[in-house]
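Engineer: Sequential numbering from 10 applies to the sequence shown in my numbering.
From the three backbone atoms N, C-alpha and C, an ideal C-beta is built for every residue, glycine too.
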Amino acid sequence: MEGDIANMGQFIGAGLAAIGSGAAAIGVGHVAGNFLSGALRNPSAAAGQTATLFIGIAFAEALGIFSFLVALLLMFAV
10 MEGDIANMGQ FIGAGLAAIG SGAAAIGVGH VAGNFLSGAL RNPSAAAGQT ATLFIGIAFA
70 EALGIFSFLV ALLLMFAV
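1) Could you check the C-alpha separation between A71 and I35 for me, to the nearest Å?
2) Go through its chain and collect everything with a Cβ distance to A48's Cβ below 6 Å, but skip five positions before and after it.
3) Alpha carbon to alpha carbon, how far is L62 from A41?
4) Using three-state DSSP, classify F51 as helix, strand or coil.
5) How long is the line joining the alpha carbons of A60 and S76, rounded to whole angstroms?
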């Protein structure tokens, strides 16, 4: 009985940690949307901001990967 409760806790924790992957997708959408909005307002400055776009996307995706890693560790770590 106690092992079942521990397994349930692992899966609930992994599910909560996996929410970060969805949040990362929302973050990437905001970064790309704001870049597109700014590029449409001032097309001449868009080329200078492309590197910043990729850095923002990389940071948002890194947080999603970290949350996925935590979810896997919670599920399969002994």
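Structural biologist: In brief:
1) Whole-angstrom Cα-Cα distance: 13 Å.
2) If we look at A48 and ignore the five residues flanking it on each side, its Cβ neighbours are A55.
3) Roughly 7 Å between the two C-alpha positions.
4) For clarity, residue 51 is Asn in the given sequence; the question names Phe instead. Here N51 sits in coil by DSSP.
5) Whole-angstrom Cα-Cα distance: 25 Å.
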